[in-house]
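Remarks on the structure that follows.
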Amino acid sequence: MSNDSPTFKKNEVQWASGDPLGEALHFLHMCGTFYTRSELSAPWGLALPALPDCLMFHVVTAGSCWLVVDGEEPCLLKPGDFALVPHGEGHQLLSELDEPATDLFDIPREQVSERYEILRHGGAGEATSLICGAVNFQHHAAQQLVSFLPKLICIDAWRSPQMEWFQSTLRLMAAEASELRPGGETIITRLADILVIQAIRAWMADNPFGQTGWLGALQDKQIGHAILAIQRQPARAWTVELLAEEVAMSRSAFAARFKKLVGESPMQYLAEWRMNIAANWLKERELSVAELASRLGYQSEAAFSRAFKRVNGVSPGLIRRNDEKEISSNF
49 MSNDSPTFKK
59 NEVQWASGDP
69 LGEALHFLHM
79 CGTFYTRSEL
89 SAPWGLALPA
99 LPDCLMFHVV
109 TAGSCWLVVD
119 GEEPCLLKPG
129 DFALVPHGEG
139 HQLLSELDEP
149 ATDLFDIPRE
159 QVSERYEILR
169 HGGAGEATSL
179 ICGAVNFQHH
189 AAQQLVSFLP
199 KLICIDAWRS
209 PQMEWFQSTL
219 RLMAAEASEL
229 RPGGETIITR
239 LADILVIQAI
249 RAWMADNPFG
259 QTGWLGALQD
269 KQIGHAILAI
279 QRQPARAWTV
289 ELLAEEVAMS
299 RSAFAARFKK
309 LVGESPMQYL
319 AEWRMNIAAN
329 WLKERELSVA
339 ELASRLGYQS
349 EAAFSRAFKR
359 VNGVSPGLIR
369 RNDEKEISSN
379 F
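All residue numbers for the sequence shown refer to the working numbering, where the first residue is 49 and numbers rise by one.
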């Protein structure tokens, strides 16, 4: 075994009982950047700047508005609609499509708390109320899932009786946002978790792209559980043979099917998964490089650092220094 090979901490994976897609969705726990309740009256227009690494969502609680994302058809949002802009692209919210838009950060806002604000803007015409949020996800499984989503997802909560609970959740979120009683921020965040997950599930069910690539692989009984095994035990000294055994396939059939569905070999996926986890942990600044190496099963810090640089193109130390500089510049 080479020095770059991680050691295995014994803990068997019961692959047959898992839900790979469900586990990926489980990690969609939001870390809120900010939430805004907007009280708008026509004519009005808002230009939201790009927020890299953030998912933005919009809920119309009264009135209507247009959501415009470059390269997508404009989407008319009505009460009960829920819209996602998964990749943090700049976009516009408008009372009418030809209305000029004012930069969001040029409009005075009432700061209710560190992460919650109220915005009032517009003329004397028809009123529209919105709840908007910009959030991010820290777990790599969630980040990877979001990376496969389209530029815009719009959910019509009134399209079928099965969406009644979605409508009820939206109403509860609107009620909490209108009063913001003690604990209201937490409730809004938890409700947003649920709504985002349901919106993604609805998109996957209705869109053929949700059945392909990594998302499609998660839904494959055998390859999905191999991915789940890697995600649950990244420190294990996995080989193609061991992964194939976990899902009761021959080595050659497993390797071919994995590559076809995921787009890369099992060992490439394993290496990238480990190093993306490591990059996230480095940014949290709580673990040393030696501790990271141990947690991911590497026999030495040097072996871990070599593997990290192969995947990420830079050393672990550089990732940490750059993150510390970015944090310092914000103060």
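Using N, Cα and C, we set each Cβ at its ideal position, and we do this for glycine too.
Span of the alpha helix (DSSP H) around residue i
{"i": "L96", "result": "Where L96 is concerned, there is no enclosing alpha helix (DSSP H), although the beta strand (DSSP E) it sits in stretches over 93-96."}
{"i": "R299", "result": "299-310"}
{"i": "S216", "result": "212-227"}
{"i": "V244", "result": "232-254"}
{"i": "G261", "result": "261-266"}
DSSP-derived helix/strand/coil call for residue i
{"i": "G365", "result": "helix"}
{"i": "A64", "result": "Bear in mind that a pLDDT of 39 at A64, under 50, signals an unreliable position, so the number given afterwards is only what the model happens to contain. DSSP places A64 in helix when its eight states are reduced to three."}
{"i": "G128", "result": "coil"}
{"i": "G272", "result": "helix"}
{"i": "R284", "result": "coil"}
{"i": "G345", "result": "coil"}
{"i": "L178", "result": "strand"}
{"i": "V337", "result": "helix"}
{"i": "D118", "result": "coil"}
Residue i - containing beta strand (DSSP E), residue span
{"i": "Q140", "result": "139-142"}
{"i": "V108", "result": "103-110"}
Residue i versus the options, residue with shortest Cα-Cα distance
{"i": "A326", "options": "L344, R168, M315, L318", "result": "L344"}
{"i": "K331", "options": "L220, W321, L366", "result": "L366"}
{"i": "G272", "options": "R219, P314, N360", "result": "P314"}
{"i": "H135", "options": "Q191, F257, E165, D204", "result": "Q191"}
{"i": "L167", "options": "I155, E174, T176, K199", "result": "I155"}
{"i": "K126", "options": "I278, S112, G232", "result": "S112"}
{"i": "A247", "options": "A350, L197, P148", "result": "L197"}
{"i": "L152", "options": "F306, W262, L88", "result": "L88"}
{"i": "M252", "options": "E162, A222, Q267, R238", "result": "Q267"}
{"i": "V194", "options": "I203, C202, N184", "result": "N184"}
{"i": "Y83", "options": "A274, E224, R299", "result": "E224"}
{"i": "E144", "options": "P91, A240, E137, T150", "result": "P91"}
{"i": "W286", "options": "R229, T260, W321, L142", "result": "W321"}
{"i": "L69", "options": "I275, L318, L124, N324", "result": "I275"}
{"i": "G261", "options": "E120, Y317, A110, L96", "result": "Y317"}
Residue(s) in a DSSP beta bridge with residue i
{"i": "F356", "result": "Its beta-bridge partners do not exist; DSSP assigns none."}
{"i": "Q159", "result": "E165"}
{"i": "T150", "result": "L94"}
{"i": "S89", "result": "G170, A175"}
{"i": "D204", "result": "D129"}
Assigned exposure category for residue i - 16 Cβ within 10 Å defines buried
{"i": "A64", "result": "With a pLDDT of only 39 at A64, under the threshold of 50, the placement of this residue in the model should not be trusted; the figure read from the coordinates follows. Classification of A64: exposed, given that the 10 Å Cβ count is below 16."}
{"i": "R284", "result": "buried"}
{"i": "E294", "result": "buried"}
{"i": "A292", "result": "buried"}
{"i": "V362", "result": "exposed"}
{"i": "Q270", "result": "buried"}
Near the ligand ZN: residue i beta-carbon under 7 Å from a heavy atom
{"i": "V194", "result": "Only the bare structure without any ligand can be found here, which leaves the ligand ZN out of the picture."}
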